[in-house]
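Asker: One structure is given below, represented as structure tokens, and several questions about it will come after.
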Amino acid sequence: MMSVSAPQKIGIYDVATSTIVDAEFYRGVGAPDFLEAESLWGPYRTAAMKRLLGANTPPANLPQHSHWSWANKIGLLNLLAYTAFGIKVAGEWQGLMLTLTVGHTAKLETGRSKPIVYVDYLESAPWNVIPFCVQPKYKAIGARMLQAAVQQSVDEGFGGRVGLHALRDAVAFYTRSGMTDLGIDTSYHNLRYFEFTESSSLEFLAKR
Amino acid sequence: MDKKTDLANEAAWILRVAAEDDSGSISVGGFATKNSLLETHGKALERDAFAKVIQLQRRSRGLSVEQLAENADVDIVEVIEIENGRFDVPETRTVFNLAAALQLPAKRLLQLSGLTQAKDDPELRQAALRFAARSGSVEKLTKEEQEALEELVKIMAEQ
């Protein structure tokens, strides 16, 4: 695991006040941080799901989330190839990401077989995601995280190549970000696989 | 670029990103994509019946897997996986589209797929069990399969 470095000060959009507020960006988040996040996110998701089911929400509109084995994931945090990132605002985790720098290669023709940064896990706090929440607290968490993944890929010498398996509800976000949709991957939970090529990732970074 | 310009650019970037952000999900990965509240209710029995009712209803309507995938706007691989029972839990959209394309009641099909729970519905469960036991996987529907299919579809249609 990466050693925990001092958090970097970044800006995040606060929906309630329509202003940019200070946030902390961490590289090298540890197991206690993941557990701390889930201890707040879990009950929030459960309450939201009960509210949605009680309101007779059509099943098609029920949200999905990365329901994963925490015990397994926390073991992974100790492996050198994994890097964990987190964004905190006002003392609460707003988003977490886990990336892997070995074992995955590009599937798109342009970079085929070249190494990529693989995003193994990424999730935003449920109070930032509709329909878990009615009024989201913060915006731009996803863009921040994707930016960090691309930057890591550039730093590693992977040219900005990034791959990930998106959950159904998140397909729109990654499509909008300029990643290429390679379709449903039947070898991985039937999730859609997305990839940033060198050029599309740099285009994404250049947007700033 | 000096620091002041950098900060201004940074602020402009956040505002632009925030304007594009529809607060939709950004979730990636995960070992199971099932809804944690619903997953415990997905029973193997209904799943088996689900796989078979899709396959038999498709065949009884004379559709190929390819045609069904096209009519329902569902990935052909997904249809194949569903018909062979080699899937976790299908997407809700997939089940809705398959129900429409095969003219099956979406609500009951969702129950069979394991996406929603069949609340105290012993009749559907029993019908699903009988159906799963009676249907095979031969090319042409046998008389028995046709009857089994008709019986299940009839019960599914009863609300």
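These protein sequences, in sequence, are chains A and B.
According to our numbering, numbering within the first sequence proceeds without interruption in unit steps and concludes at 244.
According to our numbering, numbering within the second sequence proceeds without interruption in unit steps and concludes at 210.
We put the beta carbon where it would ideally sit given N, CA and C, even for glycine.
#1: Secondary structure at residue 54 (chain A), three-state DSSP: helix, strand or coil?
#2: With 8 Å as the threshold, decide whether the Cβ of residue 240 (chain A) is near any Cβ in chain B.
#3: Give me, in chain order, the residues of the same chain whose beta-carbon lies closer than 8 Å to that of residue 88 (chain B); leave out the 5 immediate sequence neighbours on both sides.
#4: Flag residue 120 (chain B) as yes if its beta-carbon sits less than 8 Å from any beta-carbon of chain A, otherwise no.
#5: What residues in its chain sit with their C-beta under 7 Å from that of residue 125 (chain A), if we drop five residues either side in the sequence?
#6: Using a C-beta cutoff of 8 Å, does residue 134 (chain B) count as contacting chain A?
#7: Strictly by DSSP, which residues pair up with residue 160 (chain A)?
#8: Count the other CB atoms within 10 Å of the CB of residue 79 (chain B); is the residue buried (16 or more) or exposed (fewer)?
#9: Please state whether DSSP places residue 151 (chain A) in a helix, a strand or coil.
#10: CA-CA distance, residue 72 (chain A) and residue 180 (chain A)?
#11: Express the C-alpha separation of residue 103 (chain B) and residue 177 (chain A) in angstroms, rounding to a whole number.
#12: Three Cβ pairs or more, each shorter than 8 Å: is that satisfied between the stretch 232-241 of chain A and the stretch 189-203 of chain A?
#13: Going along the chain, which residues of its own chain have a beta-carbon closer than 7 Å to the beta-carbon of residue 186 (chain A), five neighbours each way excluded?
#14: Between B:76, B:71 and B:65, which lies nearest to residue 168 (chain A) when the distance is taken from Cα to Cα?
#15: For residue 83 (chain A), is the classification buried or exposed, using 16 other Cβ atoms within 10 angstroms of its Cβ as the cut-off for buried?
#16: Are residue 119 (chain A) and residue 141 (chain A) touching if we call contact CB-CB under 8 Å?
#17: Return helix, strand or coil for residue 85 (chain B), following the three-state DSSP convention.
#18: Please confirm if residue 62 (chain B) has its CB atom under 8 Å from at least one CB of chain A.
#19: Can you tell me where the beta strand (DSSP E) with residue 219 (chain A) in it begins and where it stops?
#20: List, in order along the chain, the chain A residues whose C-beta lies closer than 8 Å to that of residue 65 (chain B)?
#21: May I ask which residues mark the beginning and end of the beta strand (DSSP E) holding residue 300 (chain A)?
#22: Please confirm whether residue 166 (chain A) has its beta-carbon closer than 8 Å to some beta-carbon of chain B.
#23: Residue 129 (chain B) and residue 145 (chain B): beta carbons closer than 8 Å?
#24: Which one of B:204, B:153, B:157 and B:165 has the shortest CA to CA distance from residue 182 (chain B)?
#25: Name the DSSP beta bridge partners of residue 44 (chain A), please?
#26: How many Å lie between residue 133 (chain A) and residue 64 (chain B) at the Cα?
#27: Identify the contact partners of residue 123 (chain A) in chain B, using a Cβ-Cβ distance below 9 Å as the criterion.
#28: Measure the CB-CB distance between residue 230 (chain A) and residue 218 (chain A) and report whether it falls below 8 Å.
#29: Who are the near neighbours of residue 206 (chain B) in its chain, counting only those whose CB is closer than 7 Å to its CB and skipping five residues on each side?
#30: Can you tell me where the alpha helix (DSSP H) with residue 116 (chain B) in it begins and where it stops?
#31: Between residue 199 (chain A) and chain B, is there a C-beta pair that is closer than 8 Å?
#32: Between which residues of its own chain and residue 194 (chain B) is the CB-CB distance below 7 Å, once the five residues before and five after are set aside?
Answerer: The relevant details are as follows:
#1: Looking at residue 54 (chain A) - three-state DSSP - the assignment turns out to be coil, as it is neither helix nor strand.
#2: no
#3: With a pLDDT of 32 at residue 88 (chain B), under the threshold of 50, the predicted position of this residue should be treated as unreliable, and no value is reported.
#4: With 8 Å as the cut-off, residue 120 (chain B) does not count as an interface residue toward chain A.
#5: 48, 57, 59 and 174
#6: No, no contact with chain A.
#7: A:131
#8: buried
#9: Of the three classes helix, strand and coil, the one that applies to residue 151 (chain A) here is strand, per DSSP.
#10: 21 Å
#11: 43 Å
#12: Taking a contact to require three or more Cβ pairs closer than 8 Å, the stretch 232-241 of chain A and the stretch 189-203 of chain A qualify as touching.
#13: 196, 198, 232, 237, 240 and 241
#14: B:76
#15: exposed
#16: Contact check for residue 119 (chain A) against residue 141 (chain A) fails: the beta carbons are separated by 8 Å or more.
#17: Only weak support exists for where residue 85 (chain B) lies, its pLDDT of 39 falling under 50; the coordinates are left without a value.
#18: yes
#19: 216-221
#20: Ordered by position in chain A, the residues that pass the 8 Å Cβ test against residue 65 (chain B) are 47, 48, 49, 56 and 176.
#21: Here chain A covers residues 37 to 244 and nothing more, so residue 300 (chain A) does not appear.
#22: yes
#23: yes
#24: Looking at B:204, B:153, B:157 and B:165, the one whose alpha-carbon comes closest to that of residue 182 (chain B) is B:204.
#25: A:61
#26: About 21 Å.
#27: The premise fails here: residue 123 (chain A) is roughly 12 Å from chain B at the closest Cβ pair, so nothing lies under 9 Å.
#28: yes
#29: Taken in chain order, the residues that qualify are 174, 175 and 178.
#30: Unbroken alpha helix (DSSP H) run through residue 116 (chain B): 116-123.
#31: By this cut-off, residue 199 (chain A) is not an interface position.
#32: none
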